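Quick note on our numbering: the sequence shown kicks off at 5 and runs consecutively.
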Amino acid sequence: MTTNIDIFDTLQDRLISNEFEHGAKLRAEVLRSEFRCSASTVREVLFRLSTFGLVDFQEQRGFRVPQRSPEKLIELTHLRVLLECEGTVLSIRQGGVAWESRLAAAHHKLSHIEKRIHTSNDPSDLIGIWFSAEKEFHQTLISACGSETLKQTHNRTYAQFRQQLMKADRKFNFISENIRHHADILDATLAADEALTRKRIHDHLARHLTGKTLEA
């Protein structure tokens, strides 16, 4: 039986991976039929997703996918830099060998996928697994920070950030740069160089601080 949590997780993944067009209306009756649940269940899930910033709701207009916005992307990028820098530095101080091992494993998976994308003429079949691996790496960076509030805020920020880029990032024009950036972040982190780690995270996200990455 499909639960509210299952529906929420499925829709969240679809909302940040280009399953729906920006500005598209999310029709409860269509989703109800798809998930074989009640319309009230769908509305409850959509309202919850709206609190995550992944769905817009207006009276008389219903639920819609948020529009792309260069200004919003810049704001989300600044917030990601702040949260990931602080969370990663706290993880360096508190995480120990167990955290370092998890981070190295997450990077190994992501690096393998990104290298395959880099050499592929058609990486479309790797999009889903890349989204998952990229999220896992960045969440692992902050996973030992000791603050559930920071991690929850980062999770919501990351989801909105990824939704803004769900079209642009499917082109993978940035992939060679990503491979180098992720390796640089890992190296600085495992060296426990806090200042360099902050710089590497900022450098990794800096291309989004102009909003130009949303341009077609």
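Even glycine gets a Cβ: it sits at the ideal position worked out from N, Cα and C. Quick caveat, the model's predicted, so the values are computed rather than measured.
Residue interval of the alpha helix (DSSP H) (run including residue i)
{"i": "residue 156", "result": "152–168"}
{"i": "residue 10", "result": "8–19"}
{"i": "residue 51", "result": "43–55"}
{"i": "residue 148", "result": "No alpha helix (DSSP H) contains residue 148, which DSSP labels as neither H nor E."}
{"i": "residue 99", "result": "Per DSSP, residue 99 belongs to no alpha helix (DSSP H) and is neither H nor E."}
{"i": "residue 207", "result": "198–209"}
{"i": "residue 190", "result": "179–194"}
DSSP beta-bridge partners of residue i
{"i": "residue 68", "result": "29, 60"}
Cβ distance (whole Å) where residue i is taken to contact residue j below 8 Å
{"i": "residue 88", "j": "residue 158", "result": "7 Å"}
{"i": "residue 194", "j": "residue 90", "result": "Residue 194 to residue 90, Cβ: 18 Å. No contact."}
{"i": "residue 166", "j": "residue 56", "result": "Actually they do not touch by this definition, with Cβ atoms about 12 Å apart."}
{"i": "residue 107", "j": "residue 190", "result": "7 Å"}
{"i": "residue 183", "j": "residue 95", "result": "The pair is not a contact, with the Cβ atoms about 22 Å apart (cut-off 8 Å)."}
{"i": "residue 49", "j": "residue 11", "result": "5 Å"}
{"i": "residue 46", "j": "residue 35", "result": "5 Å"}
{"i": "residue 92", "j": "residue 205", "result": "7 Å"}
{"i": "residue 148", "j": "residue 113", "result": "Not a contact, Cβ separation roughly 18 Å."}
{"i": "residue 51", "j": "residue 61", "result": "7 Å"}
For residue i, the nearest candidate out of the options (CA to CA)
{"i": "residue 85", "options": "211, 216, 218", "result": "211"}
{"i": "residue 203", "options": "185, 217, 163", "result": "185"}
{"i": "residue 17", "options": "42, 135, 94", "result": "135"}
{"i": "residue 111", "options": "143, 35, 14", "result": "143"}
{"i": "residue 124", "options": "199, 179, 62, 147", "result": "179"}
{"i": "residue 19", "options": "132, 42, 62, 140", "result": "132"}
{"i": "residue 207", "options": "197, 216, 181", "result": "181"}
{"i": "residue 128", "options": "8, 22, 15, 14", "result": "22"}
{"i": "residue 162", "options": "140, 97, 216, 8", "result": "140"}
{"i": "residue 199", "options": "31, 97, 37, 40", "result": "97"}
{"i": "residue 8", "options": "44, 65, 150", "result": "44"}
{"i": "residue 100", "options": "196, 218, 14, 215", "result": "196"}
{"i": "residue 188", "options": "145, 102, 217", "result": "145"}
{"i": "residue 65", "options": "32, 41, 83", "result": "32"}
Residue i CB to nearest heavy atom of the ligand NAP below 7 Å
{"i": "residue 140", "result": "This structure lacks the ligand NAP; in fact it carries no ligand of any kind."}
message: Does the structure place the segment 17–36 close enough to the segment 66–81 that three or more beta carbon pairs sit under 8 Å?
response: yes
Contact the segment 109–123 vs the segment 158–170: 3+ CB pairs below 8 Å: In short, these stretches do not touch, since the Cβ pair count stays below three.
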